[in-house]
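The sequence shown begins at 92 in the working numbering and counts up by one.
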Amino acid sequence: MSSIFFANRRISVPGVVSTVNVDAMEQPTLGPSRSVTVIATALGGKPQDVTVIRALDEIRTKLIGGEGAKLVEITMNPSQQLAGASEVNFIRVGNPTQATADLGHGILKSKLYGKPGNANRFKQIINTDGSIDFYSENTFLNVKGEDLRGLGPVIDLTYVGSNSIPSVTITDDGGDKTLTLVGDDTNVFTADMVNRTEDLIAAINSTAEWSARAVGLLRNVPLNDLLAQTYTLSGNKTKLTIGGKALQYALEDSGLLEFQFTGGTPTAVNSWKFMTGGSEGATPTLSDWLAAIEVAKRFETHSIVCGTGNPLVLAAAKDHVISQSDARHRKERFLYAGPTKSTTKTGFRASVQELCKTLGKENVVVVANEPALVSRDTGKREVYPAYYYAAMLAGMKAGNRPEISPTNKQLDVFDFNYSFDIDELEDLLSMGACPAHFNEISGNWVCTQAITTYTASNNAVLTKQQGVDVAFTLSKLVRYRLDSEIGERGNQATVNTILNKVVGVLNEQVSTITNPDGLITPGVNEKGEPEPAYKNVKVIYGAGGLDVVGVTYEAHPVGEVAFITVTAYLTPIRIIASA
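Next up, the structure:
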């Protein structure tokens with residue numbers, strides 16, 4: 092039989108087949124690592140876990156408020172000139188507690204950790220048939236929660252036989268439930284036979300004397316969740332129920348609440364009742380920060396921002412980005428950092444200098460100014476610590492292609508706390524710090540020069556954020572392209588395939604008129620001779636053993652225009668006028 096494989100389907104019937112590929116409608120990205128990870132306190136988000144933010148309006152609903160919410164906001168919206176990060180991984184640091192309430196048959200918990208959970212209120216109405224109506228809302232967020240009615244019953248059971256005294260019984264043998272239906276015949280159903288209620292309904296309907304249908308909000312729950320008891324039939328009808336555990340299932344998709352069923356009798360709560368016990372907990376300790384940084388090992392990210400200027404926390408964050416960027420972990424990333432607020436310019440400069448010494452590395456950025464922004468709480472101007480500027484820079488770098496630099500780009504601020512003259516700016520830059528200043532020509536506050544804390548040499552690939560980003564991205568692109576070759580046989584064909592894939596990646600990244608976004612560029616050498624964007628690509632099988640393939644190449648990364656020198660030569664000329 093002749094067939095083809097098209098659009099992930101095997102097709103055997105001849106004819107014209109078609110599909111529509113919409114991939115090009117999405118903004119292209121370079122691998123999975125252009126997100127920014129913000130680690131900070133907040134009023135929302137699960138502690139020591141990741142909350143992904145992909146839109147500004149998600150900040151209010153997911154993070155609610157606090158320092159982390161503001162940091163995420165300016166990471167995503169740092170500038171009117173450069174886009175911010177399109178995705179932020181937020182890790183909430185600290186140990187906030189959940190608000191709770193005892194419902195008699197279990198514990199109701201807020202999914203919002205901390206004080207906002209105390210604004211959850213609820214009602215639990217116990218109906219005459221034993222079913223539960225449950226309502227909730229959050230008055231702080233002004234969010235309507237659940238409107239759940241008739242919780243408990245899951246199967247409406249009817250006897251259609253001729254026995255005058257049919258019976259329905261569920262027994263419990265160590266958690267294994269057995270349903271026994273007695274009419275003219277006896278039908279027995281166990282969890283081994285029918286594991287869930289949808290299957291149970293089908294099995295009941297296959298009998299001659301009984302019919303069943305699903306009722307209530309829940310479908311396909313485990314048979315073993317049905318309450319063990321003798322059910323009373325009225326008019327040959329009864330309802331099989333899972334009782335109070337229905338609330339646990341019904342709240343699984345809730346954004347506000349969760350319920351832990353413990354058994355017992357539900358307590359009627361006929362008027363609104365607020366939950367209690369939610370708190371922000373103690374001020375995060377160093378151990379809390381270290382635990383939060385540890386979470387960032389789970390995923391790819393472009394950069395890390397910590398909502399603190401604590402040198403011990405930032406030193407741990409530096410160790411994190413260095414280790415994750417090495418050849419063993421293969422998760423290259425930056426750290427963007429800044430000190431806490433200072434009362435004087437001299438004190439601020441000293442804090443910046445100390446951080447640059449402590450954190451100095453090509454993938455670590457230390458910023459040097461304190462931004463004045465609009466407070467989310469008061470709507471007024473407020474000066475924030477320097478690490479807020481760090482979040483803005485991280486967003487500007489991650490939100491754009493690797494070759495794009497934040498140097499001289501507008502920053503969306505009221506102003507900055509400190510004004511630096513040329514000598515002060517040069518002093519900060521010589522430390523390896525990244526200051527901000529007011530550009531009188533454009534009328535904007537701008538990033539003075541997007542450098543890293545690497546100062547051992549003048550190598551632009553190491554001293555410029557743009558240079559390190561290009562190097563990291565080239566490494567990732569080649570690695571991702573070659574990943575499918577791991578496990579292949581080591582022969583000439585595989586070596587040629589690897590060579591072609593590397594050359595393919597490099598060709599795609601050559602910056603030309605038709606491909607201005609390339610990461611490497613042709614030019615001329617010191618002799619004025621044309622130089623290709625890359626050369627000397629080599630693939631060697633057995634480079635370090637029979638299971639090692641070594642790949643080497645030379646490439647010329649694109650740079651940034653940081654300085655333009657203009658020299659005008661003024662020479663004399665004679666002007667003669669006569670009449």
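Cβ atoms here follow ideal geometry from the backbone N, Cα and C, with glycine treated the same way.
{"Asked": "Quick check: the Cα distance between R467 and D410, rounded to an integer number of angstroms?", "Found": "32 Å"}
{"Asked": "Figure out for me which residue from A319, I413, V163, S227 has the closest Cα to the Cα of G266.", "Found": "A319"}
{"Asked": "What are the partner residues of D224, as DSSP defines its beta bridges?", "Found": "I216"}
{"Asked": "Using 8 Å as the Cβ pair cut-off and three pairs as the minimum, do the segment 510-519 and the segment 567-585 touch?", "Found": "no"}
{"Asked": "Would DSSP call K153 helix, strand or coil?", "Found": "helix"}
{"Asked": "Less than 7 Å between C-beta atoms, sequence neighbours within five positions excluded: which residues of the same chain meet that for A527?", "Found": "N460, Y480, L502, F507, W536, V537, C538, T539"}
{"Asked": "Contact between the segment 296-311 and the segment 239-252: three or more CB pairs below 8 Å?", "Found": "yes"}
{"Asked": "Give the secondary structure of L270 by DSSP, where H, G and I count as helix, E and B as strand, and everything else as coil.", "Found": "strand"}
{"Asked": "Using C-beta distances below 6 Å, list every residue in its chain close to D608, excluding the 5 sequence neighbours before and after it, in chain order.", "Found": "R492"}
{"Asked": "Who are the Cβ neighbours of G156 in its own chain at under 6 Å, not counting the five residues just before and after it?", "Found": "L134"}
{"Asked": "When you compare the CB positions of G326 and P357, do they come within less than 8 Å of one another, or not?", "Found": "no"}
{"Asked": "State the start and end residues of the unbroken beta strand (DSSP E) segment that holds Q351.", "Found": "348-352"}
{"Asked": "Distance check for L338 and A463, CA to CA, integer angstroms please.", "Found": "47 Å"}
{"Asked": "State yes or no: is the C-beta of S314 within less than 8 Å of the C-beta of N278?", "Found": "The residue asked about is misnamed: residue 314 is Leu in this sequence, not Ser. The answer is no: Cβ separation not under 8 Å."}
{"Asked": "Which residues in the same chain have their Cβ closer than 8 Å to the Cβ of V257, if we skip the five residues on either side of it in sequence?", "Found": "The question names Val, but residue 257 is Pro in the sequence shown. The residues are Y250, L272, V273, G274, E300, L324, N327."}
{"Asked": "Measuring alpha carbon to alpha carbon, tell me which of V184, S222, N218 ends up nearest G205.", "Found": "V184"}
{"Asked": "Find out if the Cβ-Cβ distance for the pair I292, A303 is shorter than 8 Å.", "Found": "yes"}
{"Asked": "Report the rounded CA-to-CA distance for T298 versus T262, giving the unit in angstroms.", "Found": "20 Å"}
{"Asked": "Out of L173, T498, S345, V640, state which residue places its alpha-carbon closest to the alpha-carbon of T585.", "Found": "V640"}
{"Asked": "Only counting the same chain, and skipping five residues up and downstream in sequence, which positions put a Cβ closer than 8 Å to that of R125?", "Found": "A176, S177, E178, H393, A489, G490"}
{"Asked": "Find the nearest neighbour of L194 within the set Y478, I217, A624, T658, judged by alpha-carbon distance.", "Found": "I217"}
{"Asked": "In angstroms, rounded to a whole number, what distance separates the CA positions of E149 and G136?", "Found": "11 Å"}
{"Asked": "Applying the criterion that 16 or more other CB atoms from any shown protein chain within 10 Å of the CB defines a buried residue, is G619 buried or exposed?", "Found": "exposed"}
{"Asked": "For K452, count neighbouring Cβ atoms within 10 angstroms of its own Cβ and tell me buried if that reaches 16, exposed if not.", "Found": "buried"}
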